[in-house]
Every structure is written in C-alpha cells, then in structure tokens.
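Visitor: If you read the protein sequences in the order shown, they are chains A and B.
Counting in our numbering, the first sequence runs from 1 upward without gaps.
Counting in our numbering, the second sequence runs from 1001 upward without gaps.
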Amino acid sequence: MPEYDKRGKPEKPLPKQVISRPAAGLQTIIVSPVDNNDSDIYVSIGREIHRLFGFHIEIRSLLQDVNFAFDPNRNQYYSTAILEKLAGTLPSQAVKVIAITNVDLFIPILTHVYGEAQLAGKACIVSTFRLKEGLSPVNIPEKFEKRLVKEALHELGHTFNLRHCRDKSCIMHYCRSIWDVDRKSDQLCRYCKILLEDELKNLER
Amino acid sequence: MLYTKILIVDDEPIMRESLAGWLERDGHYIDTSASGEDALKKLKETRYDILLVDIKMEGISGLDVLKRVKESDPDVAVVMITAYGSIATAIEAMKNGAYDYLLKPFDPDELGIIIEKILKDQAQLRENIYLKTQFKDRTRFESMIGQSRPMQEIFDLIMDVSPRNSTVLITGETGTGKELAAKAIHSNSARCEGPFVVVNCGAIPEHLMESELFGHQKGAFTDAKETKKGRLEISHGGTLFLDEIGEISMRMQIDLLRVLEDRVFYRVGGTQPLKSDFRVIAATNRNLEDAVKEGIFREDLYYRLNVISFEIPPLRERKEDIPLLAEHFLRRFTQETNKPIDRISRDAMDELMLYEWPGNVRELENAIERAVVVSKSRYIQPEDLPIFRPDCRISPLDNSLQEIEKAHIIRILEENAWNISKSAKILGIDRSTLYNKIKHYRLSKPA
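#1: Compare the C-beta of ARG1251(B) against all C-beta atoms of chain A and say whether one is closer than 8 Å.
#2: Taking the alpha-carbon of GLN93(A) as reference, which of THR80(A), ARG205(A), ILE30(A) and LEU188(A) has the nearest alpha-carbon?
#3: With the cut-off set at 8 Å, would you say ARG1318(B) and GLU1356(B) are in Cβ contact?
#4: When the Cα atoms are used, what is the spatial distance from MET1349(B) to ASN1436(B)?
#5: List the DSSP bridge partners of PHE106(A).
#6: If you drop the 5 nearest sequence neighbours on each side, which residues of the same chain put their C-beta closer than 7 Å to that of LEU1157(B)?
#7: If we ignore side chains and look at the alpha-carbon of each, how far apart do GLY134(A) and ILE140(A) end up?
#8: Please list the terminal residues of the continuous beta strand (DSSP E) segment that includes TYR1029(B).
#9: Is VAL1292(B) close to chain A? Criterion is C-beta to C-beta, closer than 8 Å.
#10: Thinking C-alpha only, which one of ALA1220(B), ALA1184(B), PHE1241(B) and GLU1414(B) is nearest VAL1199(B)?
#11: Please list the segments of the beta strand (DSSP E) lying wholly inside the stretch 1083–1127 of chain B, counting only runs of 3 or more residues, in order along the chain.
#12: Within the 8 Å Cβ cut-off, does TYR174(A) reach chain B?
#13: Where does MET1252(B) land, buried or exposed, given buried means 16+ other C-beta within 10 angstroms?
#14: Within its chain, find whatever has a CB closer than 6 Å to the CB of ILE194(A); leave out the 5 residues flanking it on each side and keep chain order.
#15: Report the CB separation of THR101(A) from SER61(A) in whole angstroms; it is logged as a contact under 8 Å.
#16: Measuring straight from C-alpha to C-alpha, what distance separates TYR1101(B) and ALA1034(B)?
#17: Going by DSSP, name the residue or residues bridged to LYS1406(B).
#18: Within this structure, are the beta carbons of GLY1146(B) and ASP1010(B) separated by less than 8 Å?
#19: Please say whether VAL1197(B) and ILE1234(B) have beta carbons closer to each other than 8 Å?
#20: Quick one, are the C-beta atoms of GLN251(A) and ASP104(A) less than 8 Å apart?
#21: I need the straight-line Cα distance from TRP1022(B) to THR1089(B), nearest angstrom please.
#22: Counting only the same chain and skipping the five closest in sequence on each side, list residues whose C-beta sits under 7 Å from that of MET1353(B).
#23: List, in order along the chain, the chain B residues whose C-beta lies closer than 7 Å to that of VAL113(A)?
#24: With DSSP collapsed to three states, give me the class of GLU1142(B).
#25: Taking the C-alpha atoms as reference points, what is the distance between ILE1060(B) and GLU1403(B)?
#26: Using a Cβ-Cβ cutoff of 7 Å, what residues of the stretch 69–95 of chain A are near chain B? List them in chain order.
#27: Relative to the alpha-carbon of LEU1063(B), which residue among TYR1099(B), ILE1030(B) and GLU1369(B) has its alpha-carbon at the smallest distance?
#28: Would you mind sorting GLY25(A) into buried or exposed? The rule is 16 or more other CB atoms within 10 Å of its CB.
#29: Residues bridged to LYS1293(B) by DSSP?
#30: List the whole-angstrom C-beta distance separating ARG1048(B) from LYS1005(B), where the pair is believed to meet the contact cut-off of C-beta under 8 Å.
#31: Pick out whichever of GLY1246(B), THR1227(B), MET1250(B) and GLY1237(B) has its Cα sitting closest to the Cα of TYR1266(B).
#32: Please confirm whether VAL1268(B) and HIS1216(B) have their CB atoms less than 8 Å apart.
#33: Could you round the C-beta distance between VAL1065(B) and LEU1103(B) to whole angstroms and report it? I think they count as a contact, below 8 Å.
#34: Can you check whether the C-beta of ARG147(A) is within less than 8 Å of a C-beta belonging to chain B?
#35: At least one CB of chain B closer than 8 Å to the CB of ILE98(A): is that the case?
#36: Considering only residues of the stretch 1255–1295 of chain B, which uninterrupted beta strand (DSSP E) runs meet the minimum length of 3 residues and lie entirely inside it, listed in chain order?
This is the structure:
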C-alpha cells in the first residue's frame, strides 16, 4: 500500500484501483462509481477524501446501476432512494460510501440536486450531470475534476455531521451557483475542521 | 441564535421528508406536521421561527394555518408551498401575511434565498427588541429585591462569589433578573471600577457577532471603515457578561472557548494577538446540560463556563416576594407618571399572588406599569391588571382526605368568586394558609 506524506501526496505511485493507508484502523471510505468508467477521476477523488478525512480509501462499485430510482415523470433519478440502497450494501469495515453518478438527481420537493447525503449517516452521492455547466472544451477536464472533487468532499462532509458553513471558501459552504463552487477552496475552514475532529472522536468512542 | 426552528406542514410524506432532510443540512432544527391540525397543536407547544406550509391539505388548509399563526404570533415567517394550479391562493396568502410562496418543485437556490432573507429580517427584529429592553432595563429595573428564603440564599451566594475571579454561570427563566445578579456580582467585586460589558448572544446576528466580540481592523470587510474595538477589549479590567449564552452558534462556541482558555484573540482582519483581562459571567434560560447531550452546545465550553453556577428561582416559587416587588414597582411608576395612587388593593394583590408569572419579575413590573397607567382610583384594582390565568394541571392526589379538602377549597373559592379573604374566613384558616393550599393543590382561578 502506498504511504502518503503530510500533505497527502503519495510517496510511491498509486495502484490503479485501490488507494489506502493505515491511518484510521481498518475503517474505510468507499468511493463507488455507478456508471462512469473514468477510473483516474476516482483516484483523484479518493486521494482528496483521504487528505481531508484521513481514512483508508477503496474504489469499489456497490451498485451496478440506479435504474430503480428513475422517475419517468421527471426524467430524473430520486437520490434519497439511491442513498438508502447504497447504505444497505455497505460492507462492515466501511464507515462511509460516496457514489458518483452521471445521471440527473432530484428530491421530490426540489427541481434538482447536485448531490445528497445522509446527515451523520453512511451514504452520500454526487452527480456529474450539472457540473460541466459553463466549461469551455479547453478547460473541461481540469475544472470539471476540481468541481467534482469539491462536491464529493462536501457531501461526504455531511455524512460526518458537518452542516453548511457560511465561510465562502470552506468546502462545506453551500454554493448557489456552479461559479461559487469554482471559487471555494477544497479545504475545511478552521471551525469545520474542529467540528470534524469532534465527530471523528465520537466515532472512535 | 443557536439554530432556527422550522416547521414543515405538508400532507404528502415524501415532500415533507425530502424538504426536512434538505434543510437539516443547513443546520436548522426541523419539525414536521402531516396536517394543519397537527401543526396548530405543535405551535401551541413550540415557538417556530419559520413555517413552510403546503396550501392544499385535507382538513385545516394551509391558508387557515397561516391565519391562525398570524393571529397568535405575527412575527413568525410563513412561507406557503403551492402547486402550479393554486397560484391564486398563494397570492391570497400573501395578502394574509405570508412572507412568500414557493411553487413546487422549487429550485434549491430559491428556497435558500428566502430562508436567508427571513433570518436576516428576524435577526434585525431581535436586535431592535433587545436594544429597546436594554434601554428600559437600564432606566428602571436596577435593583434586586426579595425577602424570601431562596432570594436570601442568592444574595449570600452573590456576596460569596463576587470577590473571586472565577467564571460564573447564572441560570433561570426569562425575566428572573439574571443580568441584575451579574451586575451585583460585578459591583461587589474588585473589578467594580472597571466596565460591565454586556453581550446578548441571542440578539446579535451571527454575522455581526465576530466583529462585536473581537473588533475589526479597518478594511477587514466592506463596512469596516475604521478600526473598532470589540467587547472583549472593552471589558479589559472589568466583567464580560455573556447573556443568553445558550443561543450562541457553534462557530462562536469554538472562538469563545479559545478566548476563555488563553484570553488571547485577534480582531477580524487583524494579525496582532490581543490580550484582555476580564471576568466572565454567562447566563442562560436554557438547560445547557441537555443542550450538550443534544450536541448543540460544546461540552468543553460548558465545563469552562460552569465553574460556579446558581439558578435564580422563578417568581412563582417565591410568591412571598410579590407584595414587596409590587409595592416597589408601584412607587417607581407613580413617581414617573405623577399619578396619585396610594396602594394596591387587597383584591388586586390577591390576583397578583394567584397568578403564576411565567414572565417572572419583568412581567410583574410590566403589569404594575400598565395598572398605574390605566388606574382611575387611588388604589390599583384587579381590573387594572393585565394578567390572565393559564390552565393549571392538578396533580394526582395521594388519598381521599386530601381529595375532600381540595374539593371543599375549590367549592368555597368558586362560591366566593375567588375572593381570598372571604374564602379563608369561611374555611376558618388565615389567608397565607389558603395561599399555601392553593399552591399545594395547584389551583387556579378560571379565566
């Protein structure tokens, strides 16, 4: 298994599918691709999750598809239903799972969501569907990856009981537009960092 | 404020739950009701800041809920949720005082913007109310009065803790005089020459709190035209009184803890560490231990604050102080208004003694002020008092003798229109014994 230095950079090259380190016992966060085959992007997401939350990362698809959540009237996928199924398939050594999907997600009261998380729960999901908005062909890969990583960290933050933060640069800030996502950093502010530490201590108890 | 209480009223479970889940991520406290009837029941028990109400529901409609809420508490913001076909009803709701309406399914941003705007307006309202009561309190309510045993114990405690430098946590219901107790501690301490600086954690909007407490450097944010000292700096050499500490946000809890630990802080936008020497007295009407258990108040901050703590008893538990307090307020308001009122009539005093005073000393003060204004005779009469009687639960009785005594007392009181003197005479006991019996059986004069 590759070791990481303090800044979260791997000291040795990463294997393609599994990035992990013995930082928090045997507990793992699973990055679960649903319908996307771009494995490089999952490695990036896994690396960033590891940097922020410090758990082992495993890239492993827990759901083959999300067709069961499709709503023909809205032509969208019901994210809460996906989360329930996802949490039910979580292996015992895993603490959290984040699913990444290409489909457009919704919850019944809202027109759409970029992602959804079980607050202080096990599962969260991020959709790439609306993340390419406003990107020119030149900067698509780089900017898109940054957006996806930020949204993934944000949703995962909710599963660690973090709420929305008013600090515009904090990863837990709720962005009204995709441009705000571009503007915010990929870091937690000092408040959210402390609240995350509290939550991690609670998980250890 | 610690968190915003939102009630979602919708008869469609899926709508209710998806909205609740979404709003929870913003850190709000969310409650749900499946009907207008259930919502009205919940509103009797809890005060919500925002209501999100579906217009079309079986039974009591969303519009009816809105009307009832606006009658009882006009400051609650009600946002109507409507389907495409019922926009006309939504507009009618706006005419009836709804804050806004949302067409479902709505854009998440739309919802966020409305809630943000409501919170901003409500914070402004709270601040205005606070400033008004601060002014009122400063001008009139500056002395602590009480001859009851619980108050004598509080006075002894104040004298004991004043000379020390320890942090004090004062608890007690609204209107019991927590700030007066804090001022008394300050006045009797070695810091009495220093400032007594009040921070009302519940009244200052969260976005202003950081700058209020820590101050800011010129240019730290758009409105920071000049460098400003924060209340921590101003309280140097004196006492910092953190009122309504139970309402402070998680972020400020983190900052406060750090300051209380090392007394070092930075102005917003500043890089220079500042030191200030102040004693902290905090007050709350919340049960902080419960708040810690619920995870909304930091345990480490609670222990940092709870070095010495005491509770000021509610007025209903020290009714013997009522005549003294009432006479004190009567003297003050007759002087202020120049009205020739000599005293409070015996019947009016009976009314004061029978009332439960949920708003405590502050409510009594307001009641006497009103009575002085409306009174047309030399004595305050019962009808001059604005007090009303809340429903009172009767505790289960242990045995039949007590049951007979209670029933007899109720009968005599009712036959004599709750005239205490007459009833006591008929019962063959003195007035104070009758008061004790009324208190023991938790009897209350019907409205």
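Beta carbons: idealized from backbone N, C-alpha and C, even for Gly.
Guide: Judging by the given coordinates:
#1: On the second sequence, position 251 is the one that residue 1251(B) refers to. So yes, ARG1251(B) belongs to the interface.
#2: By 1-based counting over the first sequence, the position of residue 93(A) is 93. Residue ILE30(A) is the option with its Cα nearest to GLN93(A).
#3: Locating residue 1318(B) in the second sequence gives position 318, counting from the first residue. Locating residue 1356(B) in the second sequence gives position 356, counting from the first residue. Result no, Cβ atoms of ARG1318(B) and GLU1356(B) do not sit closer than 8 Å.
#4: In the second sequence, residue 1349(B) corresponds to position 349, counting from 1. In the second sequence, residue 1436(B) corresponds to position 436, counting from 1. Looking at the two C-alpha atoms, the distance is approximately 15 Å.
#5: Along the first sequence, read from residue 1 onward, the residue named residue 106(A) stands at position 106. Beta-bridge pairing links PHE106(A) to TYR78(A).
#6: Here residue 1157(B) corresponds to residue number 157 of the second sequence, with the count starting at 1. Result list for LEU1157(B): PHE1310, in chain order.
#7: For the purposes of this step, residue 134(A) is identified with residue 134 of the first sequence, where counting begins at 1. For the purposes of this step, residue 140(A) is identified with residue 140 of the first sequence, where counting begins at 1. Those two C-alpha atoms are separated by around 9 Å.
#8: Position 29 of the second sequence, counted from the first residue, corresponds to residue 1029(B). It spans 1029–1033 - the beta strand (DSSP E) in which TYR1029(B) sits, taken as one unbroken run.
#9: Against the second sequence, residue 1292(B) aligns to sequence position 292. No, VAL1292(B) does not count as interfacial toward chain A.
#10: As a working note, residue 1199(B) is residue 199 in the second sequence. For the residues ALA1220(B), ALA1184(B), PHE1241(B) and GLU1414(B), the minimum Cα distance to VAL1199(B) belongs to PHE1241(B).
#11: 1100–1103
#12: Within the first sequence, numbered from 1, the residue matching residue 174(A) stands at position 174. Closer than 8 Å: yes.
#13: Along the second sequence, one-based indexing puts residue 1252(B) at 252. When all chains shown are included, MET1252(B) counts as buried.
#14: Taking the first sequence and counting its residues from 1, the one referred to as residue 194(A) is at position 194. The answer is none, since no qualifying residue turns up.
#15: For the purposes of this step, residue 101(A) is identified with residue 101 of the first sequence, where counting begins at 1. For the purposes of this step, residue 61(A) is identified with residue 61 of the first sequence, where counting begins at 1. That belief does not hold up - the Cβ atoms of THR101(A) and SER61(A) are roughly 11 Å apart, past 8 Å.
#16: Taking the first residue of the second sequence as 1, we reach residue 1101(B) at position 101. Taking the first residue of the second sequence as 1, we reach residue 1034(B) at position 34. The alpha-carbon atoms of TYR1101(B) and ALA1034(B) are separated by roughly 19 Å.
#17: Reading the second sequence from its first residue, position 406 is the one you call residue 1406(B). Beta-bridge pairing links LYS1406(B) to no other residue.
#18: Walking along the second sequence from the start, residue 1146(B) turns up at place 146. Walking along the second sequence from the start, residue 1010(B) turns up at place 10. Their beta carbons are not under 8 Å apart, which means GLY1146(B) does not touch ASP1010(B) by this criterion.
#19: Mapped onto the second sequence, residue 1234(B) falls at position 234. Mapped onto the second sequence, residue 1197(B) falls at position 197. Yes, the Cβ-Cβ distance between ILE1234(B) and VAL1197(B) is below 8 Å.
#20: No statement about residue 251(A) is possible, as the shown extent of chain A runs from 1 to 205 and does not include it.
#21: Counted from its first residue, the second sequence places residue 1022(B) at position 22. Counted from its first residue, the second sequence places residue 1089(B) at position 89. Spanning the two alpha carbons is a distance of roughly 26 Å.
#22: Within the second sequence, numbered from 1, the residue matching residue 1353(B) stands at position 353. Around MET1353(B): LYS1319, ILE1322 and TYR1435.
#23: Walking along the first sequence from the start, residue 113(A) turns up at place 113. Here the neighbours are PRO1108.
#24: Indexing the second sequence from 1 puts residue 1142(B) at position 142. The predicted position of GLU1142(B) is uncertain, since its pLDDT is 45 and thus under 50; no value can be drawn from it.
#25: Position 60 of the second sequence, counted from the first residue, corresponds to residue 1060(B). Position 403 of the second sequence, counted from the first residue, corresponds to residue 1403(B). Those two C-alpha atoms are separated by around 41 Å.
#26: THR80
#27: As a working note, residue 1063(B) is residue 63 in the second sequence. Nearest of TYR1099(B), ILE1030(B) and GLU1369(B) to LEU1063(B), Cα basis: TYR1099(B).
#28: Position 25 of the first sequence, counting from 1, holds the residue named residue 25(A). Interpretation of GLY25(A) is limited by its pLDDT of 44, a score under 50 that renders its predicted location unreliable; the figure taken from the coordinates is listed afterwards. Flag for GLY25(A) reads exposed.
#29: Here residue 1293(B) is taken as the residue at index 293 of the second sequence, counted from 1. Paired residues: none, contrary to the question.
#30: Counting from 1 along the second sequence, the entry for residue 1048(B) is found at position 48. Counting from 1 along the second sequence, the entry for residue 1005(B) is found at position 5. Just to set this straight, residue 1048(B) is Tyr in the shown sequence, not Arg. At roughly 5 Å, the Cβ-Cβ gap stays under 8 Å, so TYR1048(B) and LYS1005(B) are in contact.
#31: Looking up residue 1266(B) in the second sequence gives position 266. Nearest C-alpha to TYR1266(B): THR1227(B).
#32: Against the second sequence, residue 1268(B) aligns to sequence position 268. Against the second sequence, residue 1216(B) aligns to sequence position 216. Taking 8 Å as the Cβ cut-off, VAL1268(B) and HIS1216(B) qualify as a contacting pair.
#33: Here residue 1065(B) corresponds to residue number 65 of the second sequence, with the count starting at 1. Here residue 1103(B) corresponds to residue number 103 of the second sequence, with the count starting at 1. So it is not a contact: roughly 19 Å between Cβ atoms.
#34: Start at 1 with the first residue of the first sequence, and residue 147(A) comes out as number 147. Not an interface residue.
#35: Here residue 98(A) is taken as the residue at index 98 of the first sequence, counted from 1. No, ILE98(A) lies away from the interface with chain B (no Cβ there is under 8 Å from its Cβ).
#36: 1279–1284
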